[in-house]
Every structure is written in structure tokens, then in C-alpha cells.
Amino acid sequence: MASAWLKSAVFYEIYPNSFMDSNGDGYGDFKGITSKLEYIKSLGCNAIWLNPHYDSPFKDGGYDVRDYFKVSSRFGSEEDFDDFIKSAHAKGIKVILDLVPGHTSEENPDFIKSASSVPNDMYDRYIWTNDPWSSPEGFKIINGRYDRKGSYLVNFFSTQPALNYGFNRVDHPEWQSSCKSEAALKTREWLKSVMRFWLDRGADGFRVDMADSLVKNDGEQSEKPATSEIWRDIRSMLDNEYPDAVIVSEWSNPQAIRAGFHADFMLNHHGNPHNLLVRYEENGENRSYFDPDGKGDAAAFAKGFTEWHDAIKNDGYLGLISCNHDTHRLAPHFGQDQLKIIYATIFTLPGVPFLYYGDEIGMKYMKDIPSVECGFNRTGSRTPMQWNMTANAGFSSAEKTFLPTETDKVVNVASQEKDKKSLLNCMKSLFAFRREHKEFVSTEMEFLHAKGAEPLVYKRGGLTVVVNPLKVKQTAPVKLAPKTKAIFSIGKEAKAVKDGIAVPPLSFTVFE
3 MASAWLKSAV
13 FYEIYPNSFM
23 DSNGDGYGDF
33 KGITSKLEYI
43 KSLGCNAIWL
53 NPHYDSPFKD
63 GGYDVRDYFK
73 VSSRFGSEED
83 FDDFIKSAHA
93 KGIKVILDLV
103 PGHTSEENPD
113 FIKSASSVPN
123 DMYDRYIWTN
133 DPWSSPEGFK
143 IINGRYDRKG
153 SYLVNFFSTQ
163 PALNYGFNRV
173 DHPEWQSSCK
183 SEAALKTREW
193 LKSVMRFWLD
203 RGADGFRVDM
213 ADSLVKNDGE
223 QSEKPATSEI
233 WRDIRSMLDN
243 EYPDAVIVSE
253 WSNPQAIRAG
263 FHADFMLNHH
273 GNPHNLLVRY
283 EENGENRSYF
293 DPDGKGDAAA
303 FAKGFTEWHD
313 AIKNDGYLGL
323 ISCNHDTHRL
333 APHFGQDQLK
343 IIYATIFTLP
353 GVPFLYYGDE
363 IGMKYMKDIP
373 SVECGFNRTG
383 SRTPMQWNMT
393 ANAGFSSAEK
403 TFLPTETDKV
413 VNVASQEKDK
423 KSLLNCMKSL
433 FAFRREHKEF
443 VSTEMEFLHA
453 KGAEPLVYKR
463 GGLTVVVNPL
473 KVKQTAPVKL
483 APKTKAIFSI
493 GKEAKAVKDG
503 IAVPPLSFTV
513 FE
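Residue numbering for the sequence shown follows my numbering, beginning at 3 and increasing consecutively.
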């Protein structure tokens, strides 16, 4: 089972470019994050997931790592990073880093060495074909960039050559090597060395990017036996050497827990439970459960969530997201009153909460802005944090920030801290309530009612949660036990009536 601290963790995801700029260069940095640790703690968050902080040419927002053993000078010095970790720990805040195991930057010295026309010790640490003209079907291939006799595989963009963890099924022995080959095992040991380096620096674990992408020809996402074996080996290393460290996977499949991860993100993949709850669309039309026009289906969500939860509940946790750096923010599609009940629902389901920076104030997805650092349609979710109503929303004193800022008299921290009814103060109350009730860190979960757009009713131990996504009053056909009382609500409080529970519009109530 996971490290003890993970089950009660509430994470705050920080995209370092965008959080707080301390030196006026238009980019966020370590000192900026350190200056806002008290704010993060005030939210009720006791852990941080930091997006890539490594040395990088930023051709994919930092997910193209040039040097895994060095911080990016964009974010400050090595000392600034160490001070951030130390300061976070002093406030009782854990920090997990982003680990990018499947590929490096094309500027990584090891890759440049592997691209040489003369064989060397890095020659087989990336995946190269034996023919510069070849483009094998089923792989992303880059031809003709280097003098080496071959083409190289990439995992995502052309700037991200794939590291060689081998192939589970070898179809072309002239250039594919087994996942048990010496080269593949060396790559695995190199990855362990990266993890040890940052854990020794004080990191508390890692969120693992594209965790299922390591071994090629490794079957379906739901299996990936050779890739899973690598992670189980790494988990064994962590259990032996760093027993308090955690690994959280970007896999979005119960197989991740079977592969040794402590937690796995439930991402916004079409038709999965998170998607059905808040983001599901058909023919461009919102059909999620929280669609205010009642076009969603609570039954489909409940069925999918129960299956996923039951598959992993004895061995790990679901990572429950408000959003992330790859996903469109829910605002402005949903208003602040809707966001209150959406986040309350997500974060009272069994799992570990991950709050994306700015979601606590309802920051909006910014449409129609130019792509920066290959963010493409993700760019609009990565804009600078909105702290106040001063220039650049208090993010930076620069004349120009790396992405445009939005100054909004409602959507900023300073304004919402003063408003008792704000989304920010609602989130603080929600996390405080969650922290006070052990039922929310248990694995106990039962849906009592889930049908169409009717109120969603579920039990967490001795607590009963009732949610109404619509702007009209509804009745949930669930009888509460005598003397049951409401102990927390957003919107008007639901009440027990003769034929069930009367649930006010856009409301969230917890009964004890």
C-alpha cells in the first residue's frame, strides 16, 4: 500500500512558468513559489506537484529534458530549488516532481552522442533503425537529421527522441532489441539514478509522465507487461531505499496500480468516469453529468467509477483532478456556483485530490491565444496566476509576461479572500471539512442513487453525500435514517422529506 502520508494528501499542481515571478523576467520561478507557500497551506493543501523544473530548451513546456541532474536557470539557481524544498517541508508540505522517463530533449548530450556516425557508449541508449530511409509502420520516426545510419523513434514531438527500454515483441531484430537486453537494462538503471538524485535532494516522490510508454510493442494499455515489470522493479527499489517516497502515474488505467504505482490519475479520456462527470461531449454538445440542462447520465459515471475504484482500492489510490496543464479549465464553461459543487463532488470521492493552480479562484481557459512552447490548445490553461488587480494580475513586474495575463475583478486571490461566499473560501472550507472527517480518506464508497440528471447520492462510511447539478429543485428517492442531520452544505441545504431527500438547485450536502 502507499506511503502513509499519501492517503491524507491534498495536492496543489504548479506549472512553474506561470505561478509567481520574483525577478521580473516574465516567467515564474522557485523564489516566487517559495513566497506563496503560506497561501498554498492556507488552502488546505499539504503537498505540491511541480511540473518540470529541469534544464530544458522548452520545446514542449519543459517535458523535453536536456539535463536531468540540473534545474532550469529560468526558474533560478540550484540553491533556490533547495530552499524551496526546505521551506515547503518546514511548513508541512510534501513536494513531488515531474519525472519524464520515456524520452529526452534532442539537445540532451546523451542523445547527441548516440546520433554520431561513429559507434560509442550511448549508441544503443535511444531507439534507432538501421536505415536512414526507413519509416516503420506504427512508430513516429524522424529521418535525416543526423549522420548516423538510421532513423530515430520519438514518443511525442520530433524534439523528444525515445529512450531505449527495449521491445517486448521484436519484429525487426536488425534494429529492435529485447526489453531484457543490456542496453534496456542500462536505461532502467539510469532512470533509477535520476530518481535517487532528486530524492536525495529532498523530493518526496514523482508524478510520472507517460508512464506506460517505456517498452515498445508491449501490448494494450490495460496490460503492458514489460513496462509494468520495470515499474515494479523501481517500486521495489523505492520501498527498500526510500520507503516514504511515492510515485503517481500518468497512465489512467488500473494496470498502473498493478504495476506498482501508489496512485494513478483518472484523466480526461473520452468516456472515462472523470470525463462523464464534467467534460463529456457528443457532437460538440455537453452531455456530462454536470451539464445544467440535464443531458448527462449519472448511472454511466457511477458504474465506471465503481469498477475502477474496486479494481485498485486495496492497493493504491485514484488521483482526482480539478484540471491539469494538459486539460482545458472548466471555467468559463461552468460558473463559480457550479464549480463549487463540481469540485466538492470530485474531492469527496475516494482518492487523492489534485487541485490545479488557479482552479480555486475559477481561472478561465483563455481561448484564441497563440501557442507558446508547443502548448497548442493546452496553452490557454497555462496562463499566469491571478493574484490581484495590479499590473499582470500581480504575477510579475515585467513589461511582458511569457503568456498573457488576465485582470479580472472577481477572479483573483485578493478579491476572493475578502468575499466569504467566494469560490476560494468555499474550497478552503471544503478541504477543512474533508480533513476533519476520516471517512474521506477511507476506501469505503457506495452509490445509493445515480440515474440520469437526478441527484447523485453516495455514502462514504457513515456520511451520505447528496448533489444536485441542475438549476431546479429535485427529490432524491433515498430515505435517510432517523436523526440524520446535515453537517456541511454548498448552496441551500438538502432536507429529508417523506418520499426521500429534497435537494435545492445547484447544491451539495453532506449528512451524518
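Where is the CB? At the ideal position from N, CA and C, for every residue including glycine.
Would you decide whether residue i is buried or exposed? Buried here means 16 or more other CB atoms lie within 10 Å of its CB.
{"i": "Phe-307", "result": "buried"}
{"i": "Phe-13", "result": "buried"}
{"i": "Phe-199", "result": "exposed"}
{"i": "Ile-16", "result": "buried"}
{"i": "Gly-454", "result": "exposed"}
{"i": "Ala-304", "result": "buried"}
{"i": "Phe-378", "result": "exposed"}
{"i": "Asn-25", "result": "exposed"}
{"i": "His-311", "result": "buried"}
{"i": "Met-3", "result": "Low per-residue confidence applies at Met-3: pLDDT is 47, beneath 50, and the placement is therefore not dependable, though the value from the model is reported in the following sentence. Looking at its Cβ environment, which holds fewer than 16 other Cβ atoms inside 10 Å, Met-3 is exposed."}
{"i": "Gly-94", "result": "exposed"}
{"i": "His-174", "result": "exposed"}
{"i": "Phe-336", "result": "buried"}
Which first and last residues belong to the beta strand (DSSP E) in which residue i is found?
{"i": "Arg-209", "result": "207-210"}
{"i": "Ile-492", "result": "488-492"}
{"i": "Ala-49", "result": "49-52"}
{"i": "Thr-511", "result": "509-513"}
{"i": "Lys-33", "result": "Unbroken run through Lys-33 is the alpha helix (DSSP H), 32-37; no beta strand (DSSP E)."}
Below 8 Å on the Cβ atoms is my guess for residue i versus residue j; work out the distance and round it to an integer in Å.
{"i": "Asp-211", "j": "Val-248", "result": "15 Å between Cβ atoms; not a contact."}
{"i": "Leu-8", "j": "Val-354", "result": "6 Å"}
{"i": "Asn-390", "j": "Asn-414", "result": "5 Å"}
{"i": "Thr-477", "j": "Val-505", "result": "7 Å"}
{"i": "Ile-314", "j": "Leu-320", "result": "7 Å"}
{"i": "Ser-383", "j": "His-327", "result": "6 Å"}
{"i": "Arg-2", "j": "Gly-262", "result": "In the structure as shown, the chain begins at 3 and stops at 514. Residue 2 is therefore absent and cannot be evaluated."}
{"i": "Phe-442", "j": "Thr-350", "result": "6 Å"}
Quick check: is any heavy atom of the ligand GDP less than 7 Å from the C-beta of residue i?
{"i": "Asn-288", "result": "Ligands are entirely absent from the displayed structure, and the ligand GDP is therefore not among its contents."}
Hey, quick one: how far does the alpha helix (DSSP H) through residue i stretch, first residue to last?
{"i": "Trp-310", "result": "300-314"}
{"i": "Glu-585", "result": "One cannot answer for residue 585 here, as it falls past the ends of the chain, which runs 3 to 514."}
{"i": "Phe-199", "result": "184-202"}
{"i": "Gln-418", "result": "415-420"}
Please state whether DSSP places residue i in a helix, a strand or coil.
{"i": "Phe-13", "result": "strand"}
{"i": "Pro-286", "result": "A small correction: the amino acid at residue 286 is Gly; Pro does not occupy that position in the sequence shown. Looking at Gly-286 - three-state DSSP - the assignment turns out to be coil, as it is neither helix nor strand."}
{"i": "Ser-565", "result": "Residue 565 falls outside the range modelled here, since the chain spans only 3 to 514, and no answer is possible."}
{"i": "Ser-180", "result": "strand"}
{"i": "Gly-321", "result": "strand"}
{"i": "Trp-135", "result": "coil"}
{"i": "Gly-502", "result": "strand"}
{"i": "Ile-98", "result": "strand"}
{"i": "Phe-113", "result": "helix"}
{"i": "Val-73", "result": "strand"}
{"i": "Met-3", "result": "No answer about Met-3 holds up, because its pLDDT of 47 lies below 50 and its placement is not dependable."}
{"i": "Ala-496", "result": "coil"}
{"i": "Lys-142", "result": "strand"}
{"i": "Tyr-56", "result": "strand"}
{"i": "Ala-400", "result": "coil"}
{"i": "Tyr-291", "result": "coil"}
{"i": "Tyr-29", "result": "coil"}
{"i": "Tyr-128", "result": "strand"}
{"i": "Phe-21", "result": "coil"}
- Completely contained beta strand (DSSP E) runs for the region 209-267, where each covers 3 or more residues: List check, beta strand (DSSP E) in window: 248-251 and 265-267.
- Message: Which runs of the beta strand (DSSP E) at least 3 residues long sit entirely within the region 337-377? Give them in chain order.
- Response: Within the region 337-377, the runs of beta strand (DSSP E) that reach at least 3 residues and sit entirely inside it are, in chain order, 354-358.
- Entirely within the region 430-492 and at least 3 residues each: give me those beta strand (DSSP E) ranges in chain order. Listed in chain order, the beta strand (DSSP E) runs fully inside the region 430-492 are 448-451, 458-462, 465-470, 476-478 and 488-492, counting runs of at least 3 residues.
- Which runs of the alpha helix (DSSP H), 4 residues or longer, sit entirely within the region 145-179? Qualifying alpha helix (DSSP H) stretches: none in this window.
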